[in-house]
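Residue numbers for the sequence shown follow this note's numbering, so the first one is 2 and each next one is one higher.
Glycine is no exception: its CB is placed at the ideal position from the N, C-alpha and C atoms.
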Amino acid sequence: MAHSGFPINKLINDARQLFEEVDEEDYLKLPSNQRVGITHQPTSKIDIIAASPLHAYLCVFRWFMLLIYHLDAGHKVWAPSNSKVNSSMKRVRAILQERCNFSVDIPSSQGGTSTTGNIAQDCFLNKRDFLTWATSSINPSDKISLEKIQTNLSVLLRLLNSGDMINCDKMQELCKETYEFILIEYPWASITPSLHKLLAHSFQLIGAYNNDKGLQNLSEECLESCNKFVRRYRENLARKTSFTDNVRDILVRLLCCSDPILVQNRLMHAKKKRDVANSLQEILYNSILSDDL
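Take a look at the structure:
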């Protein structure tokens, strides 16, 4: 099935045609003014291509950790809420906290979990011997399989987040090889939408929509870095009279912070401070030398 029945040969451009082919001929299509839902307007006829290079790290790493938890528990049925899987998750998290000094999948008070993009990147690069400690209770054959999956996913994620020219044919081969390997080795594991998008469509996004270049220019990393500023502005530097006033004040402050003239002045001011600090350090160094002499 994995070898002969899973051709990755459909482009995103063919998606609309595929949906039309499976559409029932006798299906009653209501006019737009009778539709019930969020909007009465017709749905858009433009294909919206979503690319999330940064969140691909987080979502794929979450799937990889769930696979480790299931193998550690010996529970080969995809059930993240299973009691054995939960026990293994707590044990693996404690080992990683003690040996690697970082927290994984721990709920955060600010929403989400303690798993950050930097942690996901470090784990896929196997820094601090992450895989050795995370799979310490797993049998050797599964360790070898997990090491191959980790290596291939790391390569694909780095290609997706790069800004270099990419050989999409070679990337497609690696995607297909990784996908087939997961299906053969762990047929019980659920393939999440994020993992499927990486393995089945990442090379299409790069080749067809970004001129064979990695999606670094489409990364949401800059937007994510503004979250802490938005939270601070919303709490302390924006009106609370209404939601509209609150959002307007946040946007005005963000526009001021990104103004080219203000950014240039800020960089020049920082350079002056560095120059003063270097001069002071040189004076202190010379004075120490003179005292020693």
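Three-way DSSP call (helix, strand, coil) for residue i in this model
| i | result |
| --- | --- |
| T133 | helix |
| K214 | strand |
| T117 | coil |
| P261 | helix |
| P141 | helix |
| P108 | strand |
| G164 | coil |
| L126 | coil |
| S191 | coil |
| Q18 | helix |
| A239 | coil |
| V78 | coil |
| E174 | helix |
| F65 | helix |
| C1 | Missing from the structure shown is residue 1; the chain here goes from 2 to 294 and no further. |
| C227 | coil |
| S220 | coil |
| E26 | For E26, the predicted model reports a pLDDT of 49, less than 50, meaning its position is unreliable; a value from the coordinates is still stated below. Looking at E26 - three-state DSSP - the assignment turns out to be coil, as it is neither helix nor strand. |
| Y103 | A quick correction: the sequence has Phe, not Tyr, at residue 103. The answer is coil: DSSP assigns F103 none of H, G, I, E or B. |
| S53 | coil |
8 angstroms Cβ shell around residue i - same chain, five flanking residues per side excluded
| i | result |
| --- | --- |
| C227 | L255 |
| N237 | none |
| D143 | L72, T136 |
| C176 | I9, L157, L199, L200, A201, S203, F204 |
| I139 | I69, L72, D73, L147 |
| C257 | L263 |
Chain-order list of residues whose beta-carbon lies under 7 angstroms from that of residue i (same chain, five-residue window excluded)
| i | result |
| --- | --- |
| S89 | Y70, D73, A74 |
| M66 | V105, D106 |
| D27 | Summary for D27: the model assigns pLDDT 49, below 50, so the residue's position carries little reliability; its value from the coordinates is reported in the next sentence. Nothing meets the Cβ criterion. |
| Q122 | Y58 |
| Q18 | none |
| P108 | T114 |
| R240 | D246, N247, D250 |
| K85 | A74, H76 |
| V93 | I69, Y70, D73, A135 |
| E222 | L55 |
| K81 | It should be noted that the sequence gives Pro, not Lys, for residue 81. L67. |
| C124 | F62, F131 |
Which listed residue (the options) has its alpha carbon closest to that of residue i
| i | options | result |
| --- | --- | --- |
| L97 | R129, Y210, A80 | R129 |
| P54 | S82, N237, S155 | S155 |
| L161 | S115, F182, L224, H202 | H202 |
| A95 | F125, F131, D123 | F131 |
| K198 | G113, E236, L157, R235 | L157 |
| T192 | F182, H76, F125, W64 | Inspection of the sequence shows that residue 192 is occupied by Ile rather than by Thr. Closest option to I192, Cα to Cα, is W64. |
| S163 | A57, Q18, A51 | A57 |
| R100 | M269, T133, T242 | T133 |
| L224 | T242, S259, P194, A239 | S259 |
| I120 | S109, F103, G113 | F103 |
| V253 | Y234, R92, W79 | Y234 |
| W79 | A190, Y210, I262 | A190 |
| G118 | P81, T242, R159 | R159 |
Supposed contact pair residue j and residue i - C-beta distance, whole angstroms, cut 8 angstroms
| i | j | result |
| --- | --- | --- |
| V61 | L196 | 6 angstroms |
| I251 | V264 | No, I251 and V264 are not in contact; Cβ-Cβ is about 18 angstroms, not under 8 angstroms. |
| H76 | N87 | About 10 angstroms; that fails the 8 angstroms criterion. |
| L219 | A52 | 5 angstroms |
Contact with chain C by residue i, beta-carbon distance below 8 angstroms
| i | result |
| --- | --- |
| M269 | Absence of chain C from the displayed structure is noted, only one protein chain being present. |
Proximal residues to residue i (C-beta, below 6 angstroms), its chain only, five neighbours per side dropped
| i | result |
| --- | --- |
| Y180 | L200 |
| N127 | none |
| K229 | none |
Review point. Counting Cβ pairs, one atom from each stretch, are 3 or more of them under 8 angstroms apart for the region 199-206 and the region 244-252?
Key: no
Point to revise | Stretch-stretch touch, CB-based, cutoff 8 angstroms, three pairs: the region 181-194 with the region 136-156 | key: yes
Review point. Is the number of C-beta pairs between the region 168-176 and the region 214-227 that are closer than 8 angstroms three or more?
Key: no
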